[in-house]
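*Asks:*
Chains as they are written, first to last, in our numbering: chain X, 10 to 190; chain A, 2 to 519.
(1) So with Cβ pairs under 9 Å, would you call residue 453 of chain A a contact of chain X?
(2) Can you name the residues of chain A whose CB is closer than 9 Å to the CB of residue 39 of chain X?
(3) For residue 60 of chain A, list the residues DSSP reports as bridge partners.
(4) Looking only at its own chain, which residues have a Cβ that is under 8 Å from the Cβ of residue 422 of chain A, when we skip the five neighbours before and after it?
(5) Looking at residue 62 of chain X and the ligand HEM, is the gap between the Cβ and the nearest heavy atom below 8 Å?
(6) Does residue 89 of chain X come within less than 9 Å of chain A when only Cβ atoms are used?
(7) Going straight from the alpha carbon of residue 350 of chain A to that of residue 190 of chain A, what length do you get?
(8) In whole angstroms, what is the alpha-carbon distance linking residue 262 of chain A and residue 346 of chain A?
(9) Just to confirm, is the Cβ distance from residue 201 of chain A to residue 103 of chain A under 9 Å?
(10) Do residue 162 of chain A and residue 113 of chain A count as a contact pair if the criterion is CB distance below 9 Å?
(11) Can you tell which of A:204, A:370, A:243 and A:491 has the C-alpha that lies nearest to the C-alpha of residue 416 of chain A?
(12) Using the rule of at least 16 other Cβ atoms within 10 Å of the residue's Cβ for burial, across every protein chain shown, is residue 171 of chain X buried or exposed?
(13) From X:100, X:140 and X:32, pick the residue whose C-alpha is nearest to that of residue 119 of chain X; which is it?
(14) Nearest to residue 164 of chain X by alpha carbon, out of X:69, X:143 and X:15?
(15) What residues in the stretch 76-95 of chain A have a beta carbon less than 8 Å from any beta carbon of chain X?
(16) Answer with yes or no whether the minimum CB distance from residue 41 of chain A to chain X is below 9 Å.
(17) Looking at the strands, I want to know which residues DSSP matches up with residue 421 of chain A.
(18) Contact defined as beta carbons within less than 8 Å: I believe residue 1 of chain A pairs with residue 177 of chain A. What is the distance between those atoms, to the nearest angstrom?
(19) Can you check whether the CB of residue 278 of chain A is closer than 9 Å to the CB of residue 356 of chain A?
(20) Rank A:23, A:436, A:134 and A:55 by C-alpha distance to the C-alpha of residue 67 of chain A and give the top, closest one.
(21) Going by DSSP in three states, residue 89 of chain A sits in which element: helix, strand or coil?
(22) Could you give the residue range of the alpha helix (DSSP H) that holds residue 214 of chain A?
(23) Output yes or no for whether 9 Å exceeds the beta carbon distance between residue 79 of chain A and residue 293 of chain A.
(24) Check residue 235 of chain A in the structure and name its three-state DSSP category.
(25) Assign residue 503 of chain A to one of two classes, buried (16 or more other C-beta atoms within 10 Å of its C-beta) or exposed (fewer than that).
(26) Determine the closest residue to residue 48 of chain X out of X:75, X:90 and X:81, with distance taken between C-alpha atoms.
(27) Should residue 432 of chain A be flagged as near chain X, meaning a C-beta pair shorter than 9 Å?
(28) Can you grab the Cα-Cα spacing for the pair residue 111 of chain A / residue 289 of chain A, in whole Å?
(29) The stretch 54-66 of chain X: which residues have C-beta closer than 8 Å to a C-beta of chain A, in chain order?
(30) Out of curiosity, what's the CA-to-CA distance linking residue 1 of chain A and residue 167 of chain A?
(31) Hey, is residue 439 of chain A's beta-carbon within less than 9 Å of any beta-carbon in chain X?
(32) At least one CB of chain A closer than 9 Å to the CB of residue 132 of chain X: is that the case?
(33) Please confirm if residue 516 of chain A has its CB atom under 9 Å from at least one CB of chain X.
(34) How would you call residue 124 of chain A, buried or exposed, if buried means at least 16 neighbouring beta carbons within 10 angstroms?
(35) If you check the beta carbons only, do residue 126 of chain X and residue 156 of chain X fall under 9 Å apart?
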């Protein structure tokens, strides 16, 4: 009886020490779940979900305080992927995912160089300085629309990226009278 | 020397339909009332306009400069006046439009002053720059810039005269009539690439072309004899089988080297050029003529099928009208029936990659039977020359399971269409593969953009954080300084400081006035 007690206590102590060491030495920095969620989010940084960027929203989902269907650019597709990852129930976003890429364009004749849009841009895609004309580096622009409200002269427009043979896509084959189409 | 032939797997033998267009010599097309030269000739990049409306241009004058390292130039196909720079439909399955320079011919066909280069004495870089400046691209249909390929260092060069697709005969006629130029161009390309051996592969259903090319190799011009690669030039008759004309397939047939789908041919010491490209290289270097025209096979449902020397920029509708297109034509295919596509608009001008136009009627190309379910018979696997499993790729593409499609090596597919040709269920397999491939590419682009946005957002957050803490530190240091001064001299010293600052600073009103004067 006594021997068994000692053995069990011994095992408990050894395992407890091992677990304690592991907690210290193998500590994971950051939140791996939040990173997985962040990888699914479209990184538009548009803040339409109510959080100041994709990462904060990912952290909010990971901690369970946010719904998974708040991302407008991600649309139903994104919400479905999040539901799959988290094992939660899918909730529709409503608005379908916008597929054509849009980018901001500053009308350089109208721009007064106030720098307000530069401060609003979450991905530093606008360059310029005070009283100098600003311009959008279109390959960095995510089309988040955050630069529109601060502009005092309404000189920013969102335009669709032109279709070229490079970004044109083949359509899903449409065939008539197939058994399953 | 009897060359050894290596037989690859798969492939099909469709009816060749070559005789319709191969029996008459290459004919010239009269000058059309206007020529619209597209700035985007292939999918590889575009040229930059260097002429304006109203300019007079000579035949062969550069009107669009090569943009970037992989761009190629475009040239005026005839002498005349630039009347418009506007949008014209492209000969592309998308039906998109692109900018084009429209030239109204003056009918004089006045050439620029020729500036030939002697390959034996000229510098290699100079020759390659000339190829780029002459606007030479792969003429087999892929339109890949030739100067990029000429830059490679290889052992064996393959000249592709296989022309395996049914109906097309433009390379056949070119080799029969202009074999000497093709051989000279091949020798120059061998010199540029440092190839020690040159193999010219021609399918054995073109005996006249093979004979002409063999004669041309025997009687090679002395100027090309100096090129080291020219010594070992061999014309090889390869068995007729589709798709032997695909470059990796032809390399395998001629050298026995099997190149995996995702690897470059130069890694295996080989490179492949089309015969028409070799011909264009010869014209550009030895005669100083840039690319302004090409031979186009016009065949199918037309009165006068054959091969035509067509200036770039001529409207496809005009060309077909000249060849006598019959009224019951339902659509026009560009490229062959296996890999080509139906043109969305006949107003598209002829481009450098336009090797063949087939007028299709319901008689020649009956509408395909309705698609039926795949029964996994495996016929597509037997014919796939790349050794892929088309039916697996089909299942993945049909259900939009893009990851699975990629796992089944959908990017190894060359879209030759053998699988769709033999499919007993009439499934348009290649259409599904094209759809899945462009979806995967678009998704990859989106992912790349998202990753970039993420790093930029994180960097910005970091920067804002750092600026905030730096500002806080600066204010704290200033406060500490003030406190130290107060401790040392009491409040009186601080007040004296402030008074001094106010005196030395110019009044605010003056500032405003100065600004105004400026």
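Ideal Cβ placement from N, Cα and C applies to all residues, glycine included.
*Replies:* Let me spell this out:
(1) yes
(2) Neighbours of residue 39 of chain X on chain A: none; closest Cβ ~12 Å, over 9 Å.
(3) A:112
(4) 13, 15, 339 and 384
(5) The ligand content of the structure shown is nil, which means the ligand HEM is not present either.
(6) no
(7) 29 Å
(8) 33 Å
(9) no
(10) no
(11) A:243
(12) exposed
(13) X:140
(14) X:143
(15) 91, 93, 94 and 95
(16) yes
(17) Partner(s): none; residue 421 of chain A has no beta bridge.
(18) Outside the modelled stretch of chain A, which goes from 2 to 519, sits residue 1 of chain A, for which no answer is possible.
(19) no
(20) A:134
(21) strand
(22) 208-219
(23) yes
(24) strand
(25) exposed
(26) X:90
(27) yes
(28) 14 Å
(29) 54, 62, 63 and 64
(30) The displayed coordinates of chain A run from 2 to 519. Any statement about residue 1 of chain A would go beyond what the structure contains.
(31) yes
(32) yes
(33) With a pLDDT of only 46 at residue 516 of chain A, under the threshold of 50, the placement of this residue in the model should not be trusted; the figure read from the coordinates follows. So no, residue 516 of chain A is outside the interface.
(34) exposed
(35) yes
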